[in-house]
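Number of protein chains: 4
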Amino acid sequence: MFFYIDASNGVPIFEQISRQVKYAVARGALRPQEMVPSVRELAQRLAVNPNTVARAYRDLQADDVLEPLRGEGLQVTRKAAERCRRDRQSLLRQRLHSFVVEARQSGLPDDEILTLFQDELSRQPLAESLP
Amino acid sequence: MFFYIDASNGVPIFEQISRQVKYAVARGALRPQEMVPSVRELAQRLAVNPNTVARAYRDLQADDVLEPLRGEGLQVTRKAAERCRRDRQSLLRQRLHSFVVEARQSGLPDDEILTLFQDELSRQPLAESLP
Amino acid sequence: MFFYIDASNGVPIFEQISRQVKYAVARGALRPQEMVPSVRELAQRLAVNPNTVARAYRDLQADDVLEPLRGEGLQVTRKAAERCRRDRQSLLRQRLHSFVVEARQSGLPDDEILTLFQDELSRQPLAESLP
Amino acid sequence: MFFYIDASNGVPIFEQISRQVKYAVARGALRPQEMVPSVRELAQRLAVNPNTVARAYRDLQADDVLEPLRGEGLQVTRKAAERCRRDRQSLLRQRLHSFVVEARQSGLPDDEILTLFQDELSRQPLAESLP
DNA sequence: GTGGTCTAGACCACG
DNA sequence: GTGGTCTAGACCACC
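Heads up: the protein sequence lines correspond to chains A, B, C and D, in order. In terms of our numbering, the first sequence opens at residue 1 and continues consecutively. In terms of our numbering, the second sequence opens at residue 132 and continues consecutively. In terms of our numbering, the third sequence opens at residue 263 and continues consecutively. In terms of our numbering, the fourth sequence opens at residue 394 and continues consecutively.
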């Protein structure tokens, strides 16, 4: 299974879903031409409203990451891999940017920001972050 | 002065205000016993509705960062400095945590995460981040 | 139902609402996991602005009495019952305390204070106080 | 000295002052024809804005409890004693009434309300309540 | 449908 | 002058 939803996260659920699909494609866990789970199935698995999954899939189609396979469901597009790697980079950059802006505004000195960052990296071993 | 609001930020304005007050206290730009700008004045300065500022100030009272001086306005509490430094640490930690979780999930290798981070730090010189 | 608002009471409406929710939970009229009326519905029922109800509900979330069920509404938290019973006790104690302080300061002898109290208790039969 | 102000009480300061003057008259600590302290002096003693004391004195004049003695200050009126005893009774009744209403609404059983009351009475020995 | 944010403007209490 | 409450109504995001 390739993702995990945190309902008390502030980030909208539909966006968590669509991002994680992109990330899965970016890192090769989901390959072009492969089918994604049906709306119903995924909704049940994540204990989430089907509308929410549908919305995520809709967004992913708009981004040319998924495309319908007539009557069969949705599959990852051919160009998805490249696109998702680009998106991953820019999504992360963007989050990082806003974090650094805030950290700077807060007046925390650079060395302490760096310490926080290294702490965090070492606290999250790679293994547990890919359930 | 110590406020900078970004209306197209996703983060609610009232929360940007209350955070920045906390940060200002945390870094010593605003000291215990000092008065904060009046609701009306700050509202005008930020081109924002007075109710929005009032809400931020109300939240800060609930967090024991501000207290009323009857008929005079609001002042920073005695214990605010300590509290705000703690809050700053935990607010930033929290944002960093969710970033690292996402970066890891995205499958981006650690060295590239680090590169992103260093890029961002060097791209935002200290001077321009405290307007 | 469990609300009765007195607009000419001095006590702000939003606070009357949040208190009564707590009391309803404390006495078991509203149980953990149960949904509270929607903001709009309650506002209409009490002939009050929706913002006012929203504020009460916001305060209750801050007190961990309510929690959002995304897109569904607000429900009473699991720990609410215990918390509300404690709050009820302390809210009433506090009011009683300030009353007794004032009664004593006024120089009214203890036996007359007691008489006032008993009068009041017998004048408000239980039936009419839970409309 | 016959009263004591609690600034963090919710009750407006000017009202605390005027009530306590009435109570002092009611219990005979302040007698008809006696002078009350000047606005300035009392304001300084209570560490309060002179306007606040002035407002209290204004209200007391409107209630015929104080009257000006040309150029000398304010004195307690002849009819004040009777009037203040009446007011004391009705002020306390009123507070008690709203307390009982709330206690009943809260669903706390009568015997527990009574227990709270007795606790409070025994916890505040007469001596310390008249500083 | 739900709650959340924001604006605009009125009114009040306090000092 | 200060903050606080309330109303009215618009707009948005989420489910």
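Just so you know, even glycine gets a beta-carbon here, dropped at the ideal spot from N, CA and C. The model shown is predicted, which means the values in this text are computed figures rather than measured ones.
Terminal residues of the alpha helix (DSSP H) in which residue i lies
{"i": "GLU277(C)", "result": "275 to 288"}
{"i": "VAL292(C)", "result": "A quick correction: the sequence has Leu, not Val, at residue 292(C). No alpha helix (DSSP H) holds LEU292(C); DSSP gives it neither H nor E."}
{"i": "GLU544(D)", "result": "Only positions 394 to 524 of chain D appear in the structure, and residue 544(D) is not among them; the question remains open."}
{"i": "PRO37(A)", "result": "Where PRO37(A) is concerned, there is no enclosing alpha helix (DSSP H), given that its DSSP letter is neither H nor E."}
{"i": "PHE492(D)", "result": "473 to 498"}
{"i": "ALA62(A)", "result": "50 to 62"}
Min CB distance residue i to chain B below 8 Å
{"i": "GLU120(A)", "result": "yes"}
{"i": "ASP64(A)", "result": "no"}
{"i": "ALA400(D)", "result": "yes"}
{"i": "GLN105(A)", "result": "yes"}
{"i": "VAL101(A)", "result": "yes"}
{"i": "ARG40(A)", "result": "no"}
Beta-carbon separation (whole angstroms), residue i vs residue j, contact threshold 8 Å
{"i": "VAL152(B)", "j": "VAL142(B)", "result": "So it is not a contact: roughly 14 Å between Cβ atoms."}
{"i": "ALA419(D)", "j": "ARG481(D)", "result": "4 Å"}
{"i": "PHE3(A)", "j": "ARG55(A)", "result": "Not confirmed; about 16 Å, so no contact."}
is_contact[residue i, chain A] using C-beta, thresh 8 Å
{"i": "TYR188(B)", "result": "no"}
{"i": "PRO393(C)", "result": "Residue confidence for PRO393(C) is low, a pLDDT of 42 falling below 50, so the modelled location carries little weight; the figure read from the coordinates is stated next. Closer than 8 Å: no."}
{"i": "VAL152(B)", "result": "no"}
{"i": "PHE248(B)", "result": "yes"}
{"i": "ARG162(B)", "result": "no"}
Chain C contact for residue i (CB, 8 Å cutoff)
{"i": "GLY466(D)", "result": "no"}
{"i": "ALA54(A)", "result": "no"}
{"i": "VAL441(D)", "result": "no"}
{"i": "ASP503(D)", "result": "yes"}
{"i": "LEU453(D)", "result": "no"}
Limits of the unbroken beta strand (DSSP E) element including residue i
{"i": "VAL76(A)", "result": "73 to 76"}
Between the CA atoms of residue j and residue i - distance to the nearest angstrom
{"i": "GLY290(C)", "j": "ALA103(A)", "result": "45 Å"}
{"i": "GLU120(A)", "j": "ARG438(D)", "result": "56 Å"}
{"i": "ARG302(C)", "j": "PRO312(C)", "result": "6 Å"}
{"i": "ASP452(D)", "j": "SER368(C)", "result": "18 Å"}
{"i": "GLN468(D)", "j": "GLN454(D)", "result": "10 Å"}
{"i": "SER522(D)", "j": "VAL363(C)", "result": "With a pLDDT of only 45 at SER522(D), under the threshold of 50, the placement of this residue in the model should not be trusted; the figure read from the coordinates follows. So the two alpha carbons sit approximately 7 Å from each other."}
{"i": "ARG516(D)", "j": "LEU509(D)", "result": "10 Å"}
{"i": "LYS341(C)", "j": "GLU198(B)", "result": "29 Å"}
{"i": "ARG95(A)", "j": "LEU222(B)", "result": "15 Å"}
{"i": "ILE267(C)", "j": "GLU296(C)", "result": "22 Å"}
{"i": "THR470(D)", "j": "ASP457(D)", "result": "7 Å"}
{"i": "SER31(A)", "j": "SER18(A)", "result": "Position check: residue 31(A) holds Arg in this sequence, whereas Ser was assumed. Straight-line Cα distance between these residues: approximately 15 Å."}
{"i": "GLU72(A)", "j": "ALA7(A)", "result": "29 Å"}
{"i": "CYS477(D)", "j": "PRO371(C)", "result": "15 Å"}
{"i": "SER491(D)", "j": "HIS97(A)", "result": "55 Å"}
{"i": "ALA286(C)", "j": "ASP504(D)", "result": "19 Å"}
{"i": "GLN16(A)", "j": "GLN409(D)", "result": "56 Å"}
{"i": "ARG486(D)", "j": "ASN271(C)", "result": "15 Å"}
{"i": "LEU462(D)", "j": "VAL184(B)", "result": "48 Å"}
{"i": "ALA178(B)", "j": "ALA212(B)", "result": "28 Å"}
{"i": "TYR57(A)", "j": "ARG348(C)", "result": "46 Å"}
{"i": "GLN380(C)", "j": "ILE506(D)", "result": "11 Å"}
Residue-level contact to chain D via CB, residue i, 8 Å cutoff
{"i": "ARG254(B)", "result": "no"}
{"i": "ALA305(C)", "result": "no"}
{"i": "ARG201(B)", "result": "yes"}
{"i": "ALA389(C)", "result": "Unreliable positioning characterises ALA389(C) in this predicted model, as indicated by a pLDDT of 48, which lies under 50. A coordinate reading is not provided."}
{"i": "PRO274(C)", "result": "no"}
beta-carbon residue i near the ligand ZN non-hydrogen atom, thresh 7 Å
{"i": "PHE145(B)", "result": "Ligands are entirely absent from the displayed structure, and the ligand ZN is therefore not among its contents."}
Any residues in the segment 77 to 99 of chain A with a beta carbon nearer than 9 Å to a beta carbon of chain B? Which ones, in chain order? ARG88, GLN89, LEU91, LEU92, ARG93, ARG95, LEU96, HIS97, SER98 and PHE99
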